[in-house]
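In my numbering, the protein residues as written are 1 to 292.
Glycine included, each C-beta is placed from N, C-alpha and C at the ideal position.
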Amino acid sequence: MAGKGNRKTPYLFIAPFLVMFAAFKLYPMVYGFAVSFLDRNSTKKLTSTAFAGLKNYTNVLASESFWQSLGRSFVFAFVYTVTVMVLGFIFAVLFNTPFKGRKAVRTMFYMPYVTNIIAVGIVFKYLLNPTKGPVNAIFRLFGAEGPKWLSSPVMALPTAAVIGAWLALAFNIITVLAALQEIPNELYEVAELEGATFSQRIRHIILPMLVPALFMLLTITVINSFKSYTTIVALTGGGPGTSTRTLSYQIYEDAFTYMKFSIASAEGVLMTLVIIVVNAILGRVRKVWEEK
Numbered sequence: 001m002a003g004k005g006n007r008k009t010p011y012l013f014i015a016p017f018l019v020m021f022a023a024f025k026l027y028p029m030v031y032g033f034a035v036s037f038l039d040r041n042s043t044k045k046l047t048s049t050a051f052a053g054l055k056n057y058t059n060v061l062a063s064e065s066f067w068q069s070l071g072r073s074f075v076f077a078f079v080y081t082v083t084v085m086v087l088g089f090i091f092a093v094l095f096n097t098p099f100k101g102r103k104a105v106r107t108m109f110y111m112p113y114v115t116n117i118i119a120v121g122i123v124f125k126y127l128l129n130p131t132k133g134p135v136n137a138i139f140r141l142f143g144a145e146g147p148k149w150l151s152s153p154v155m156a157l158p159t160a161a162v163i164g165a166w167l168a169l170a171f172n173i174i175t176v177l178a179a180l181q182e183i184p185n186e187l188y189e190v191a192e193l194e195g196a197t198f199s200q201r202i203r204h205i206i207l208p209m210l211v212p213a214l215f216m217l218l219t220i221t222v223i224n225s226f227k228s229y230t231t232i233v234a235l236t237g238g239g240p241g242t243s244t245r246t247l248s249y250q251i252y253e254d255a256f257t258y259m260k261f262s263i264a265s266a267e268g269v270l271m272t273l274v275i276i277v278v279n280a281i282l283g284r285v286r287k288v289w290e291e292k
């Protein structure tokens, strides 16, 4: 009897996770996928909703706003991903080198990751205010007019992406730093004996050893870049105009502002497919990289 009880113990430990996952992840995904095939683009009850087949998908794919929002999502994702991956690697390498005050600097970089995004949005909207903000005040000291960071249709989206990257930077730094500390010291000693420069050590030791961690981070970062809703709401609210209306923001707006639940669900499914395709391409790139 005791043996049977011991075999059940692991399942008891994972049961809370499975229940929470089913209630808050699996059920919404299945429900959203099912609704995308229904004609539920109003506040009418689900019981009075008719089956629509692929109508919602054809309407979304024929919509100009969908493609524009998707294009903005790709711009946001590119700026966000490049910023997070490059700065995450650079700061991780720097933090892996002992220097005075390293713990304090690390803490400073980790704090944004646990900071409320709406609060961050309020602070940055003040800092980047084109007329009253301290950032543009520095430009005026040198006789220049600072950019309209969040109020320009051209600048708003990349600015929001960089701020979003700053918020997410700590996770990449921690992960890369952990991977750096797993590199055997013997490799650095051999490189030093061979007279390798710092750039050569990065190219021939650090980067090859970090490939698994970097590609894992790249996958996570790309996924997070498309889920840009909170950052956009906190900084621009989709404006000015529609210049920062990414696909994730449009999905929320279609669902909860215009009550187009089926349209929003179809957009969500299509966005998921886009993310899957992008990550499949990244997986192929990783495979080719590792075969070289």
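With a Cβ-Cβ cutoff of 8 Å, do residue i and residue j count as a contact?
i	j	result
L282	F215	yes
T231	A156	no
L270	V60	yes
A52	L38	yes
S225	A77	yes
G143	V135	no
G32	G268	yes
Y57	A266	yes
V84	N172	yes
L217	T175	yes
S262	S69	no
Determine the burial state of residue i: buried for a count of at least 16 other Cβ atoms within 10 Å of its Cβ, exposed for fewer.
i	result
M1	Legend: pLDDT at M1 = 46, less than 50; position of this residue unreliable, no value from coordinates given.
S42	exposed
R72	buried
V285	exposed
S199	exposed
L141	exposed
M108	exposed
I163	buried
F66	buried
T97	exposed
T197	exposed
K25	exposed
L54	exposed
F124	buried
A137	exposed
A255	buried
A34	exposed
Between residue i and residue j, which are expected to be in contact by the criterion C-beta below 8 Å, what is the C-beta distance as a whole number of angstroms?
i	j	result
I183	I206	7 Å
P130	K148	5 Å
I117	L150	Going by Cβ atoms, the distance from I117 to L150 rounds to 15 Å, so no, they are not a contact pair.
A234	V120	7 Å
Y249	Y229	6 Å
Let me know the secondary structure DSSP gives residue i once reduced to three states.
i	result
L38	strand
F51	strand
V288	helix
K260	coil
M1	Caution applies to M1, whose pLDDT of 46 falls short of 50 and renders its modelled position unreliable; the model cannot decide the point.
N96	coil
T115	coil
T219	helix
Q181	coil
F142	coil
V154	coil
E303	Residue coverage of the chain in this structure runs from 1 to 292, which leaves residue 303 outside it and unanswerable.
L168	Note on identity: in this sequence residue 168 is Ala, with Leu being the wrong assignment. Residue state, collapsed to three classes: helix.
S243	coil
K8	helix
In whole angstroms, what separates the C-alpha of residue i from that of residue j?
i	j	result
A161	Y27	30 Å
A178	G88	12 Å
A165	Y11	38 Å
I223	M29	16 Å
G241	V154	11 Å
I251	K227	11 Å
A92	V211	14 Å
I90	A15	40 Å
N279	V82	15 Å
I122	G133	12 Å
V86	L94	13 Å
Y188	F99	18 Å
K8	L18	15 Å
S243	E194	53 Å
E312	E192	No statement about residue 312 is possible, as the shown extent of the chain runs from 1 to 292 and does not include it.
A50	K260	14 Å
F21	T246	27 Å
G127	R40	Rather than Gly, the amino acid found at residue 127 in this sequence is Leu. Their Cα atoms are separated by approximately 42 Å.
H204	V190	12 Å
V75	V277	17 Å
T159	Y110	20 Å
M209	Q181	11 Å
G238	N6	54 Å
Verify the contact flag: residue i, CB atom, against every heavy atom of the ligand FMN, threshold strictly below 7 Å.
i	result
A170	Of the ligands one can find in the structure shown there are none, so the ligand FMN has no counterpart to examine.
Let me see if you follow: with CB-CB separation under 8 Å, is residue i close to chain D or not?
i	result
E182	No chain D is part of this structure, which consists of one protein chain only.
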